[in-house]
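Everything below concerns the one structure shown next.
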Amino acid sequence: MAALLIVLTATLPGLMTGWFPQDEGQIGQAAERFLQGELPHRDFDDMYTGLLTVLHALTFKVLGVRTESTRWMLLAASLPFLVSVYRVSRRWLEPLDASGLVVLCGLWSIRLNPESMPSWYILFLTVGMLDALLTFQERRNLIWLFVAGLLAGIAILFKITGIYLIAAGVLILMDYQQRQCSASSRWSPGFFLWTLFCILVYSLAASRLWSASDPLMSALHLTLPAFGLGISVLAGEWQRGRGAFWERATKWLRLQLVFAVGGFLPLLAWLLWYWQAGALAELYEGLIVLPQRRLEHAGASFPGPAAFLLSGAVFGAVCFADSGGVRSASTSAVPDGRSLRWLAVAIIGLLLVCGHLSAQGRLVCFQAVRNVAPFVSAILLLRAARGVGACSAQAFAIAATLIMGAQVQFPFAMDLYFPYVAPLVFIGGSFGLQRAVTAQRQVERRLQLWRVVVAGLSLFALLQLKSVVPLGNVSDAPPHLTGKPLNFTRCGLTVESSLGEVYERLVDEIQARTNAHEAILAGPDCPEVYFLAERRNPTRLFYDFFRPEMLSTAKELNALADEAGIRLVVIKQPFLRDFTMSAETMERWARERFGQPLVIGFSGRNDSSAPALFNVYSDSSGNKPGELPATK
Numbered sequence: 147m148a149a150l151l152i153v154l155t156a157t158l159p160g161l162m163t164g165w166f167p168q169d170e171g172q173i174g175q176a177a178e179r180f181l182q183g184e185l186p187h188r189d190f191d192d193m194y195t196g197l198l199t200v201l202h203a204l205t206f207k208v209l210g211v212r213t214e215s216t217r218w219m220l221l222a223a224s225l226p227f228l229v230s231v232y233r234v235s236r237r238w239l240e241p242l243d244a245s246g247l248v249v250l251c252g253l254w255s256i257r258l259n260p261e262s263m264p265s266w267y268i269l270f271l272t273v274g275m276l277d278a279l280l281t282f283q284e285r286r287n288l289i290w291l292f293v294a295g296l297l298a299g300i301a302i303l304f305k306i307t308g309i310y311l312i313a314a315g316v317l318i319l320m321d322y323q324q325r326q327c328s329a330s331s332r333w334s335p336g337f338f339l340w341t342l343f344c345i346l347v348y349s350l351a352a353s354r355l356w357s358a359s360d361p362l363m364s365a366l367h368l369t370l371p372a373f374g375l376g377i378s379v380l381a382g383e384w385q386r387g388r389g390a391f392w393e394r395a396t397k398w399l400r401l402q403l404v405f406a407v408g409g410f411l412p413l414l415a416w417l418l419w420y421w422q423a424g425a426l427a428e429l430y431e432g433l434i435v436l437p438q439r440r441l442e443h444a445g446a447s448f449p450g451p452a453a454f455l456l457s458g459a460v461f462g463a464v465c466f467a468d469s470g471g472v473r474s475a476s477t478s479a480v481p482d483g484r485s486l487r488w489l490a491v492a493i494i495g496l497l498l499v500c501g502h503l504s505a506q507g508r509l510v511c512f513q514a515v516r517n518v519a520p521f522v523s524a525i526l527l528l529r530a531a532r533g534v535g536a537c538s539a540q541a542f543a544i545a546a547t548l549i550m551g552a553q554v555q556f557p558f559a560m561d562l563y564f565p566y567v568a569p570l571v572f573i574g575g576s577f578g579l580q581r582a583v584t585a586q587r588q589v590e591r592r593l594q595l596w597r598v599v600v601a602g603l604s605l606f607a608l609l610q611l612k613s614v615v616p617l618g619n620v621s622d623a624p625p626h627l628t629g630k631p632l633n634f635t636r637c638g639l640t641v642e643s644s645l646g647e648v649y650e651r652l653v654d655e656i657q658a659r660t661n662a663h664e665a666i667l668a669g670p671d672c673p674e675v676y677f678l679a680e681r682r683n684p685t686r687l688f689y690d691f692f693r694p695e696m697l698s699t700a701k702e703l704n705a706l707a708d709e710a711g712i713r714l715v716v717i718k719q720p721f722l723r724d725f726t727m728s729a730e731t732m733e734r735w736a737r738e739r740f741g742q743p744l745v746i747g748f749s750g751r752n753d754s755s756a757p758a759l760f761n762v763y764s765d766s767s768g769n770k771p772g773e774l775p776a777t778k
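Here my numbering is used: the sequence shown runs in plain steps of one and ends on residue 778.
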């Protein structure tokens, strides 16, 4: 309870701070349209599977149609997640140390990115699934296997990337079944061939988790760890797989079927809903076809090799000091664990000092922590391969959830995606430290090291990291940015002041020139305009790059404007665009239909070089005589 209170105390002050406008507009508009009777994928292009939209709509109904409502929902959902972190870690940590891990995970999770995005809920379900699978391994009660599958199936309903949980669960069960084999039984070449086939299929799928635009770092963070999981299962089958083919196949199928039934139930309910609505084809298009276009238009790279090597050097130094501590203890040359403790203190101190000195130093430290993930995965796989008994099975289960959970960073490996993975890294790191040794003296030394790490990373997050969304400081954003509370009916978040003023001016102009809930046209890629201005989107589009063939000619735009009665058009300018870089056709059409635009840019700029952010076209558009276009 104390750990939860600490996390809440640290999270609440920044819960309503920072935003990515398009994200808030996308989830807000989707939930609003669902409340109005529209169905995701059939009536509008939901970015995700749809369950998040349904939950946001229910939250709007209870708390009101406001961005803040979705963040309260996220905060409430994070509490069971923190309880699951405690339950999982209590298997190898004492209550006080498990509580420290809860605080660490809380400080590195939604506090850093409080937007209610589906990847948060997938993280919550991932830890819940890990808890259920570990409980199954301990009690061998199939109900826990069913629960694990159920959680994985629900994750897919949040976002299609929830399928990584299915992959993790299948691999964990394959590893578990191998460990149940009797060493006295004969090796089964037939079952080895079956395992080889399964791993080849898995590896073929995992090979797609590689970015041609970031070949080295995406391989180190995502593809190679995923291959490592498959190789570990195959090696385990070679070393431990024993028993007659049909006997093993029956046990294997029994485990996988229970897990699959749990996973399929929520998916079946979802498919029946869309079948009843006659929208299965639209669901397929929204979940399978359109995301491929997203991969073509957007992506981001991991931190470069230098940051990775820095993390590797630090990680290697800790391992070397630890091994040196063991030898020193045996020879009494150095007091037990002293070098390791001092090294840990020095590293954490360096994090705090560098983070305090500059924003760039803070970013480097953040990325150094981020790059530890592949090393933790490697250590866990080694523990699983070399260990025996329950500990090695736990090591593989934790490694699988970490490696598959980390795939959420593909292909958008921006800083804001690491908090979706950080708790899994910390859970894996704590297990790797505590379960790697058996001698009491070594256990005590590792425990001291872990406490230093938890305290240091918690302080670094609390003192140096505010957020990974704009107005936070894990970015290249100028440090002088100040916050401004928005004054919208639907949004009162505190955002970067100059951009907040732009959106306030934009919404004021839209509301002054149009009637409530009137249709307007806004693009490209600005769903937030409809949501904040309380105006209707006459199209199914949130992001234009999903359907570049739509509204691609002046004839189509005129037909839409005539049918929907559009009297105002907003065109986002290149300075703010994320994905769709060209809007020449829409701009040319709007200028021909409405004349010169009202140009809205950053306020307080006295030169015409200040970038335009939005062009607003309407029957009464245009700047007043004598005003610079970019000074609005």
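Even for Gly, the Cβ is constructed at its ideal location relative to N, Cα and C.
Keep in mind that this is a model prediction, so the values were computed, not measured.
TODO: Determine the DSSP secondary structure at ILE712, reduced to helix, strand or coil.
DONE: Position 566 of the sequence shown, counting from 1, holds the residue named residue 712. Residue state, collapsed to three classes: coil.
- [ ] Under the assumption that LEU297 contacts VAL379 (Cβ atoms under 8 Å), give the Cβ distance between them as a whole number of angstroms.
- [x] Start at 1 with the first residue of the sequence shown, and residue 297 comes out as number 151. Start at 1 with the first residue of the sequence shown, and residue 379 comes out as number 233. The C-beta separation of LEU297 from VAL379 comes to about 22 Å, leaving the pair out of contact by the 8 Å criterion.
- [ ] Going by CA-CA distance only, name the one from MET732, PRO720 and GLN324 that's closest to THR699.
- [x] Here residue 699 is taken as the residue at index 553 of the sequence shown, counted from 1. With distances taken between Cα atoms, THR699 lies closest to MET732.
- [ ] Would you check if the distance between the CB atom of LEU253 and the CB atom of SER235 is smaller than 8 Å?
- [x] Translated into the one-based positions of the sequence shown, residue 253 becomes position 107. Translated into the one-based positions of the sequence shown, residue 235 becomes position 89. Their beta carbons are not under 8 Å apart, which means LEU253 does not touch SER235 by this criterion.
Task: Assigned secondary structure, PRO625 (DSSP; H/G/I helix, E/B strand, else coil) - done: Counted from its first residue, the sequence shown places residue 625 at position 479. Its pLDDT being 46, under 50, PRO625 is placed unreliably in this model, and the value from its coordinates should be taken loosely. Residue state, collapsed to three classes: coil.
Open item on the list: I need the boundaries of the alpha helix (DSSP H) containing PHE405, first residue and last residue.
Closed with: Within the sequence shown, numbered from 1, the residue matching residue 405 stands at position 259. 391-422 is the span of the alpha helix (DSSP H), which, as asked, contains PHE405.
TODO: On the DSSP bridge assignment, give the partners of ARG95 in chain order.
DONE: The question about residue 95 has no answer, for the chain in this structure spans 147 to 778.
TODO: For LYS207, name the three-state secondary structure that DSSP assigns.
DONE: The sequence position of residue 207 within the sequence shown is 61, counting from 1. Reduced to three states, the DSSP call for LYS207 is helix.
Open item on the list: If I follow the unbroken alpha helix (DSSP H) through TYR232, where does it start and stop?
Closed with: Position 86 of the sequence shown holds residue 232. Counting along the chain, the alpha helix (DSSP H) containing TYR232 begins and ends at 213-235.
Task: For ASN761: DSSP bridge partner residues - done: Taking the sequence shown and counting its residues from 1, one reaches residue 761 at position 615. Listed as beta-bridge partners of ASN761 by DSSP are ILE717 and VAL745.
Open item on the list: Let's test the definition: count the other Cβ atoms within 10 Å of the Cβ of MET263 and tell me whether it reaches 16, buried, or not, exposed.
Closed with: Translated into the one-based positions of the sequence shown, residue 263 becomes position 117. Note on MET263: 16 or more other CB atoms within 10 angstroms of its CB, so buried under the neighbour-count rule.
- [ ] Tell me, to the nearest whole angstrom, how far the beta carbon of GLY389 is from that of ALA352; I am working on the premise that it is less than 8 Å.
- [x] In the sequence shown, counting from the first residue as 1, residue 389 sits at position 243. In the sequence shown, counting from the first residue as 1, residue 352 sits at position 206. Their Cβ separation, rounded to whole angstroms, is 28 Å, which puts GLY389 and ALA352 out of contact at 8 Å.
Task: Member of TYR232, LEU401, GLN555 and LEU639 whose CA lies at the smallest distance from the CA of TRP266 - done: As a position in the sequence shown, residue 266 is number 120, starting the count at 1. The option with the nearest alpha carbon to TRP266 is GLN555.
Open item on the list: Rounded to whole angstroms, what is the Cα-Cα separation between ASP622 and LEU528?
Closed with: Taking the sequence shown and counting its residues from 1, one reaches residue 622 at position 476. Taking the sequence shown and counting its residues from 1, one reaches residue 528 at position 382. Reliability of the predicted coordinates at ASP622 is poor, the pLDDT of 45 falling under 50, and the value obtained from them is presented with this limitation in mind. Whole-angstrom Cα-Cα distance: 37 Å.
TODO: Let me know if MET193 comes out buried or exposed under the rule of 16 or more other beta-carbons within 10 Å of its beta-carbon.
DONE: Taking the sequence shown and counting its residues from 1, the one referred to as residue 193 is at position 47. MET193 comes out buried.
TODO: Count the CB pairs spanning the stretch 319-331 and the stretch 412-422 that are closer than 8 Å, and state whether there are at least three.
DONE: No, the stretch 319-331 does not touch the stretch 412-422.
Open item on the list: Between the stretch 512-529 and the stretch 450-460, can you find at least three pairs of beta-carbon atoms closer than 8 Å?
Closed with: Result yes; three or more Cβ-Cβ pairs closer than 8 Å.
- [ ] Could you tell me whether the stretch 181-195 touches the stretch 674-694, using the rule of 3 or more Cβ pairs below 8 Å?
- [x] The answer is yes - the stretch 674-694 touches the stretch 181-195, with three or more Cβ pairs under 8 Å.
- [ ] Give the range of the beta strand (DSSP E) segment to which GLU642 is assigned.
- [x] What you label residue 642 is simply residue 496 of the sequence shown in a count that begins at 1. Taken as a continuous stretch (DSSP letters only), the beta strand (DSSP E) holding GLU642 covers 640-642.
Open item on the list: Does PRO449 pass the burial test, meaning 16 or more other C-beta atoms within 10 Å, or should it be called exposed?
Closed with: Within the sequence shown, the letter at position 303 stands for residue 449. The residue is buried, with at least 16 neighbouring Cβ atoms inside 10 Å.
- [ ] Answer with buried or exposed for TYR430, where buried requires no fewer than 16 other C-beta atoms within 10 angstroms of its C-beta.
- [x] In the sequence shown, the residue the question calls residue 430 occupies position 284. Around the beta carbon of TYR430, a 10 Å sphere encloses fewer than 16 other beta carbons of the protein chains shown; the residue is thus reported as exposed.
Task: contact_flag[the stretch 207-214, the stretch 160-179] where n(CB pairs < 8 Å) is 3 or more - done: Contact check between the stretch 207-214 and the stretch 160-179: three or more CB pairs, one atom from each, fall below 8 Å, which counts as touching.
TODO: Measure the alpha-carbon distance for LEU744 versus LYS701 and round it to whole angstroms.
DONE: Reading the sequence shown from its first residue, position 598 is the one you call residue 744. Reading the sequence shown from its first residue, position 555 is the one you call residue 701. Approximately 24 Å between the Cα atoms of the pair.
TODO: Under 8 Å by Cβ, that's how I've got PHE227 and PHE270 pegged, so tell me the actual separation to the nearest angstrom.
DONE: Here the question's residue 227 lines up with position 81 in the sequence shown. Here the question's residue 270 lines up with position 124 in the sequence shown. Sure, about 4 Å apart at Cβ, within 8 Å.
Open item on the list: Please report the distance separating the alpha-carbon of GLY741 from that of ASP765.
Closed with: What you label residue 741 is simply residue 595 of the sequence shown in a count that begins at 1. What you label residue 765 is simply residue 619 of the sequence shown in a count that begins at 1. Rounded to the nearest whole angstrom, the CA to CA distance from GLY741 to ASP765 is 8 Å.
TODO: Would you please state the rounded distance, in angstroms, between the beta carbons of ILE268 and ALA223? I believe it to be under 8 Å.
DONE: By 1-based counting over the sequence shown, the position of residue 268 is 122. By 1-based counting over the sequence shown, the position of residue 223 is 77. In fact, because the Cβ distance is near 11 Å, the residues do not count as touching under 8 Å.
Task: Beta-carbon contacts of LEU433 that lie in its chain and below 7 Å, excluding the five residues immediately before and after - done: For the purposes of this step, residue 433 is taken as the residue at position 287 of the sequence shown. Correct list, in chain order: THR195 and ILE306.
Open item on the list: If distances are taken between C-alpha atoms only, which option among THR685, GLU664 and LEU526 comes closest to PRO673?
Closed with: Reading the sequence shown from its first residue, position 527 is the one you call residue 673. The shortest Cα separation from PRO673 among THR685, GLU664 and LEU526 belongs to THR685.
Task: ALA427 - partner residues in DSSP beta bridges - done: By one-based count along the sequence shown, residue 427 stands at place 281. Looking at the DSSP assignment, ALA427 forms no beta bridge with any residue, so it has no partner.
Task: Residue closest to ALA372, alpha-carbon to alpha-carbon, out of TRP356, ARG386 and GLY387 - done: By one-based count along the sequence shown, residue 372 stands at place 226. Among TRP356, ARG386 and GLY387, the Cα nearest to that of ALA372 belongs to TRP356.
- [ ] Could you check the C-alpha separation between GLY462 and ARG651 for me, to the nearest Å?
- [x] Position 316 of the sequence shown, counted from the start, is the residue given in the question as residue 462. Position 505 of the sequence shown, counted from the start, is the residue given in the question as residue 651. Going from the Cα of GLY462 to the Cα of ARG651 covers about 53 Å.
Task: Identity of the residue in GLY533, GLN553, VAL249 and ALA176 nearest HIS202 by Cα - done: For the purposes of this step, residue 202 is identified with residue 56 of the sequence shown, where counting begins at 1. Of the residues GLY533, GLN553, VAL249 and ALA176, the one whose Cα lies closest to the Cα of HIS202 is ALA176.
TODO: Count the other CB atoms, across all protein chains shown, that sit within 10 Å of the CB of GLN506; report buried if there are 16 or more and exposed otherwise.
DONE: Mapped onto the sequence shown, residue 506 falls at position 360. GLN506 is exposed by the Cβ-count criterion.
Task: Which of helix, strand or coil DSSP assigns to THR195 - done: Sequence index remark: in the sequence shown, residue 195 carries index 49 (1-based). Coil at THR195, not helix or strand.
TODO: Would you kindly report the start and end of the unbroken alpha helix (DSSP H) that includes SER265?
DONE: In the sequence shown, the residue the question calls residue 265 occupies position 119. 264-285 is the extent of the alpha helix (DSSP H) around SER265.
Open item on the list: When you compare the CB positions of GLY445 and SER359, do they come within less than 8 Å of one another, or not?
Closed with: Indexing the sequence shown from 1 puts residue 445 at position 299. Indexing the sequence shown from 1 puts residue 359 at position 213. Yes, the Cβ-Cβ distance between GLY445 and SER359 is below 8 Å.
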